[in-house]
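Notes follow the structure.
Numbering (UniProt numbering), first residue to last: 1 to 202.
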């Protein structure tokens, strides 16, 4: 199996931008945990069927897709429902991610997972790459991008691993703290490093 790099970072750190640059410039295969999480509750999926059975048809929108806002509200006010949902979806997501990782054909692959550390998924990767930005930059970027209040952003940050916790498990770090930060030289350097590692691993 290819060498797997776990790519993570806090909200608005630029994970997607970094992953896209690896793919665009070096043709690196990506497994994105967020996309997988959407697929396991897509129309026609076993995940969505079980959610509708548990919460009732009212949890669906008119077109049959999951009403995410309603589900969020439900699990926010009922911790036992959150526990049930996690027990249902986490194994499904993990299995689908593992399946995706075995299909990687590039010399190494990226597992992009915003909650890599929070969900203890480091074991699925050979190395952990953190996209690092100062907290105040995250707050400013998220407020601008999502049009939300500072309080809301700080609440999200509280629910995620801290910057210190992420850096403590990092094998590699990409700094993405300035608006015009040139990411490509950092990514190119890491690409060379990962190619060398993947050759050793074979």
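Where a beta carbon is used, it is the ideal one built from N, C-alpha and C, also for glycine. Please read these numbers as outputs of a predicted model, since none were measured by experiment.
Exposure of residue i, with buried meaning 16 or more beta-carbon neighbours within 10 Å
i           : result
residue 37  : buried
residue 146 : exposed
residue 148 : exposed
residue 15  : buried
residue 47  : buried
residue 166 : buried
residue 162 : exposed
residue 114 : buried
residue 192 : exposed
residue 9   : buried
residue 190 : buried
residue 66  : buried
residue 130 : buried
residue 35  : exposed
Sheet register partners of residue i (DSSP bridge)
i           : result
residue 6   : 111 and 128
residue 193 : In DSSP, residue 193 forms no bridge with anything.
residue 175 : 132
residue 66  : 60
residue 31  : 111
Proximity winner among the options, relative to residue i (alpha-carbon distances)
i           : options              : result
residue 90  : 120, 106, 71 and 167 : 120
residue 178 : 115, 65 and 132      : 132
residue 126 : 134, 116 and 80      : 116
residue 188 : 2, 22 and 6          : 22
residue 100 : 61, 134, 33 and 53   : 33
residue 142 : 59, 44 and 11        : 11
residue 118 : 2, 6 and 1           : 6
residue 63  : 42, 30, 2 and 83     : 42
residue 82  : 182, 51, 19 and 103  : 51
residue 94  : 67, 78, 122 and 154  : 122
residue 135 : 13, 58, 3 and 1      : 13
residue 78  : 61, 55 and 183       : 55
residue 1   : 60, 19, 24 and 29    : 29
residue 183 : 4, 19 and 3          : 19
residue 45  : 154, 88 and 153      : 88
Supposed contact pair residue j and residue i - C-beta distance, whole angstroms, cut 8 Å
i           : j           : result
residue 106 : residue 27  : 6 Å
residue 92  : residue 40  : 4 Å
residue 169 : residue 112 : With 8 Å as the limit, residue 169 and residue 112 do not qualify as a contact, their Cβ atoms being about 16 Å apart.
residue 85  : residue 75  : 6 Å
residue 137 : residue 150 : In fact, because the Cβ distance is near 13 Å, the residues do not count as touching under 8 Å.
residue 194 : residue 17  : That belief does not hold up - the Cβ atoms of residue 194 and residue 17 are roughly 18 Å apart, past 8 Å.
Any contact between the segment 61-80 and the segment 154-164? By contact I mean 3 or more CB pairs, one from each, below 8 Å. no
Is the number of C-beta pairs between the segment 194-202 and the segment 95-109 that are closer than 8 Å three or more? yes
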